[in-house]
Amino acid sequence: MALEELNHSDYEIKDGEPDITGWNVLNQNGEKLGEVENLLFDPEARKVRYLIVGLQANGAEVLEDKYIAVPIGIAQLHSEEDDVVLPIVSGEELNNLPAYQNGQFGPEDEVQIRQVFGGGSTAPYEHPQFYTHEHFNEDRFYNRGPQPDNNTIIPAEEMDRTEKVDRIMERIRQTDEEPKSSEFPDGRIVGEYESLEHENSQPVEETKNNDYQLNEGHVPEPESIEQEEEWQEAQATSAGNSKLMDFFIDELKDLLWAERELVATLPDMAEAATSQELKTAFTNHLAETKVHVSRLEQIFGILGLEPETTTCDAMSGIIDEGDEIIGNTDEGTAQRDVGLIFAGQKAEHYEIASYGGMISLARTLGYYEIAELLVLTIDEEKSADALLTEIAENHVNYEASTERSAD
Numbered sequence: 289m290a291l292e293e294l295n296h297s298d299y300e301i302k303d304g305e306p307d308i309t310g311w312n313v314l315n316q317n318g319e320k321l322g323e324v325e326n327l328l329f330d331p332e333a334r335k336v337r338y339l340i341v342g343l344q345a346n347g348a349e350v351l352e353d354k355y356i357a358v359p360i361g362i363a364q365l366h367s368e369e370d371d372v373v374l375p376i377v378s379g380e381e382l383n384n385l386p387a388y389q390n391g392q393f394g395p396e397d398e399v400q401i402r403q404v405f406g407g408g409s410t411a412p413y414e415h416p417q418f419y420t421h422e423h424f425n426e427d428r429f430y431n432r433g434p435q436p437d438n439n440t441i442i443p444a445e446e447m448d449r450t451e452k453v454d455r456i457m458e459r460i461r462q463t464d465e466e467p468k469s470s471e472f473p474d475g476r477i478v479g480e481y482e483s484l485e486h487e488n489s490q491p492v493e494e495t496k497n498n499d500y501q502l503n504e505g506h507v508p509e510p511e512s513i514e515q516e517e518e519w520q521e522a523q524a525t526s527a528g529n530s531k532l533m534d535f536f537i538d539e540l541k542d543l544l545w546a547e548r549e550l551v552a553t554l555p556d557m558a559e560a561a562t563s564q565e566l567k568t569a570f571t572n573h574l575a576e577t578k579v580h581v582s583r584l585e586q587i588f589g590i591l592g593l594e595p596e597t598t599t600c601d602a603m604s605g606i607i608d609e610g611d612e613i614i615g616n617t618d619e620g621t622a623q624r625d626v627g628l629i630f631a632g633q634k635a636e637h638y639e640i641a642s643y644g645g646m647i648s649l650a651r652t653l654g655y656y657e658i659a660e661l662l663v664l665t666i667d668e669e670k671s672a673d674a675l676l677t678e679i680a681e682n683h684v685n686y687e688a689s690t691e692r693s694a695d
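In my numbering, the protein residues as written are 289 to 695.
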């Protein structure tokens, strides 16, 4: 579906909600990068996909005047002022974005933008779930964020991971909630649109997060028994009823058991650790692991299934080995920390391999939203593994090498 510039389309912002066109665009230091010139709107989904920003060369982050398209999930409203903030965008990213020209914004531009901001698309451009990527998550934009501060700069990588966890948890919490009010006092600035052409339009009903869908009464039903039988046959032969799908669900049950067991085990590992840095690493990963459990439970919900588990023999063995390490090493020693890091990394490596395979299967089965959730988890598992390596190589391994053996 071709995107349209909002101010040249047949849609307008609802009465009572301000137009952000002309608002200043700031970096997280509060420095002006340019202004919002327009919005790129998806008429079919009735959602804004991009902000069109007119960059202004400033000799530092911005090298030249040009127009760019920024995915709405990258931007955020200022907490107090009528400004838009790009808190996780570097000057290099801005300058590498393709120049936007009216009427010449195609699939190749969108794919390039995705590559510039990282986290390559798990859904091909032509797939309808291309826009389920976090780059198009409107919640972050609509909820006014912290005011830019010259003295408090959050590293882009750290902010990105934290916000991803927050957004996923918010999506899970809102699963069974009533839609929130979209009135301006609640912070919803842009996102609800009404057609200027009221004739010859099909009724729509509003869903959560300002999505719109055709009224269910307009969904065509089979006109004959033959059509219904053909539809049922197509469903029976689809990937959703395949042996691959059976395997995918079995592995989900396996992973859910493993993650829940880690939630129970990580506090013991943190308590047993000698190094405060290692204690903190285990404690922080416990919070992430709880999110991993929630994501897996959400995936079961997407599939229309109740969350179930089967015992994961591999993770069970790794956890048992960790218990043995605690029992066979002396409290307060670096040797124990070395063993705990080994056990922790064995768990991480198992999970990285498992999630990597599941991402591939989800894409094959056409569940691109599920693949996106799994990508968030595997990124956090890889980061946790890298941190354990850093702790070991920075001091724990050396300290253990200086401890005299009791033999």
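Glycine is no exception: its CB is placed at the ideal position from the N, C-alpha and C atoms.
Start and end residues, alpha helix (DSSP H) containing residue i
{"i": "I613", "result": "601 to 616"}
{"i": "L540", "result": "531 to 560"}
{"i": "D625", "result": "622 to 653"}
{"i": "V663", "result": "656 to 679"}
{"i": "G589", "result": "564 to 590"}
{"i": "G379", "result": "379 to 384"}
{"i": "N685", "result": "685 to 689"}
Reference residue i, options the options, closest by Cα
{"i": "L540", "options": "R583, S563, K578, T562", "result": "R583"}
{"i": "Y638", "options": "A659, E669, V324, S648", "result": "E669"}
{"i": "D625", "options": "R651, I679, A575, L664", "result": "I679"}
{"i": "P359", "options": "E426, E368, S378", "result": "E426"}
{"i": "E596", "options": "D667, L314, S693, I537", "result": "I537"}
{"i": "E292", "options": "V336, N317, V313, R548", "result": "V336"}
{"i": "F570", "options": "E332, L628, E398", "result": "L628"}
{"i": "L338", "options": "E352, I308, H366", "result": "According to the sequence displayed, residue 338 carries Tyr and not Leu. Answer by Cα proximity: I308."}
{"i": "G361", "options": "F424, G645, I401, N383", "result": "F424"}
{"i": "V373", "options": "Q364, G379, E381", "result": "Q364"}
{"i": "Q633", "options": "R402, V684, A674", "result": "A674"}
{"i": "D667", "options": "S378, T577, I606", "result": "T577"}
{"i": "A552", "options": "E565, D534, M603", "result": "M603"}
{"i": "A259", "options": "F588, F429, S530, D601", "result": "Residue 259 is absent from the structure shown; the chain starts at 289 and stops at 695."}
{"i": "L532", "options": "G644, V579, T652", "result": "T652"}
{"i": "Q344", "options": "N315, D330, R334", "result": "N315"}
{"i": "E636", "options": "F588, L550, E422, T690", "result": "L550"}
{"i": "G318", "options": "A631, P331, P375", "result": "P375"}
{"i": "N723", "options": "Y355, A560, D611", "result": "An answer regarding residue 723 cannot be provided, because it is not within the stretch 289 to 695 covered by the chain."}
{"i": "H366", "options": "W311, R334, P331", "result": "W311"}
{"i": "E696", "options": "H573, N572, L543, E559", "result": "Only positions 289 to 695 of the chain appear in this structure, which leaves residue 696 out of reach."}
Residue i - DSSP class collapsed to helix/strand/coil
{"i": "S323", "result": "Reading off the sequence shown, one finds Glu at residue 323, where the question assumed Ser. Reduced to three states, the DSSP call for E323 is strand."}
{"i": "D353", "result": "coil"}
{"i": "R402", "result": "helix"}
{"i": "D371", "result": "strand"}
{"i": "Q389", "result": "coil"}
{"i": "E596", "result": "coil"}
{"i": "Y500", "result": "Residue confidence for Y500 is low, a pLDDT of 33 falling below 50, so the modelled location carries little weight; the figure read from the coordinates is stated next. Strand, per DSSP."}
{"i": "L294", "result": "helix"}
{"i": "P359", "result": "strand"}
{"i": "V453", "result": "Interpretation of V453 is limited by its pLDDT of 46, a score under 50 that renders its predicted location unreliable; no figure is taken from the coordinates."}
Buried or exposed (CB count within 10 angstroms, at least 16 for buried), residue i
{"i": "K320", "result": "exposed"}
{"i": "Q623", "result": "buried"}
{"i": "A290", "result": "exposed"}
{"i": "G391", "result": "exposed"}
{"i": "S642", "result": "buried"}
{"i": "Y599", "result": "The residue asked about is misnamed: residue 599 is Thr in this sequence, not Tyr. Exposed is the call here."}
{"i": "R692", "result": "exposed"}
{"i": "R563", "result": "The identity of residue 563 in the sequence shown is Ser, whereas the question assumes Arg. So S563 ends up on the buried side."}
{"i": "E368", "result": "exposed"}
{"i": "P386", "result": "buried"}
{"i": "I371", "result": "It is worth fixing the name first, because residue 371 is Asp in this sequence and not Ile. Classification of D371: buried, given that the 10 Å Cβ count is 16 or more."}
{"i": "P395", "result": "exposed"}
{"i": "F329", "result": "buried"}
{"i": "I401", "result": "buried"}
{"i": "Y686", "result": "exposed"}
{"i": "L593", "result": "exposed"}
{"i": "F535", "result": "exposed"}
{"i": "T690", "result": "exposed"}
{"i": "A694", "result": "exposed"}
{"i": "T420", "result": "buried"}
Limits of the unbroken beta strand (DSSP E) element including residue i
{"i": "G342", "result": "335 to 343"}
{"i": "D307", "result": "From DSSP, D307 is part of no beta strand (DSSP E); its letter is neither H nor E."}
{"i": "N315", "result": "312 to 315"}
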